[in-house]
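Numbering (our numbering), first residue to last: 102 to 259.
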C-alpha cells in the first residue's frame, strides 16, 4: 500500500479490490493474490514476499530491484531443489513401496514353502493312521478267527 500523493493510478479499495469510494460492503478479495483477505493483510503471500524483499534490501544494502532479483533467484533455486528432491530416485515413498513388494514376495515364497511342508507331513500322518488302522483290523480278525477255532468259547472278563 502506498500513499495516493505519489501514485497516479485510480484508487482501489483495499478490502475488495474494486474501484469505489466509501465504506465497502463487498466480500474481501486481495488485489495482489486474489485470496479471501484484504490487500493490507499481513498473512497475504504477496505481503510476505514484499517484506522478505525489503528485509533482504536492508540487510545487504541493495536497491529494491537488486533485492527483488536476488529474492526471485533464491525462490527459483528453492523450487528447483524441491523438484529435485521429489524425483523418483529420491522418492522415499517409492523406495518404501519397492521394499514392501520385495518383502511380500519373500513372505509369499516362505508361506508356500511352509504350506508344502505341512501338506507333506499331513500326508505322512494320514498314511501312518491308515496303516495302523489296517494292522488293528488285521489283528482283530486274527483274534476272532482264533476264538472261532476254539469252538466258539466265550471268554468272560470276570
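For glycine and all other residues, C-beta sits at the position ideal for the given N, C-alpha and C.
Note that this is a predicted model, so its numbers are computed, not measured.
Query - Segment limits, alpha helix (DSSP H) that includes residue 212 - result: Looking at the DSSP string, the run of the alpha helix (DSSP H) that includes residue 212 is 193-250.
Query raised in the report: Can residue 163 and residue 155 be called in contact, C-beta distance under 8 Å?
Result: Residue 163 is not a Cβ neighbour of residue 155, given a cutoff of 8 Å.
Requested in this report: Confirm, please, whether the CB-CB distance from residue 137 to residue 126 is below 8 Å.
Outcome: No, they are not a contact pair.
Query raised in the report: What are the boundary residues of the alpha helix (DSSP H) that residue 159 is part of?
Result: Residues 146-161.
**Report entry** Residue-level contact to chain D via CB, residue 216, 8 Å cutoff
**Finding:** Looking for chain D here will not work: only one protein chain is present.
Query - 7 Å CB neighbourhood of residue 145 in its chain, flanking five on each side removed - result: The beta carbon of residue 145 sits closer than 7 Å to those of 131, 133, 134, 136 and 138, all from its chain and outside the five residues before and after it, given in chain order.
Query raised in the report: Alpha carbon to alpha carbon, what distance is there between residue 140 and residue 149?
Result: Rounded to whole angstroms, residue 149 to residue 140 spans 12 Å at the Cα level.
Query raised in the report: Is the beta carbon of residue 244 within less than 7 Å of some heavy atom of the ligand FAD?
Result: As for the ligand FAD, it is missing from this structure, which has no ligand bound.
Query raised in the report: Helix, strand or coil: which one does DSSP assign to residue 137?
Result: Assignment of residue 137 by DSSP, reduced to helix, strand and coil, places it in the coil class.
Report task. Please say whether residue 111 and residue 120 have beta carbons closer to each other than 8 Å? Result -> It is a contact, given that the beta carbons lie within the stated cut-off.
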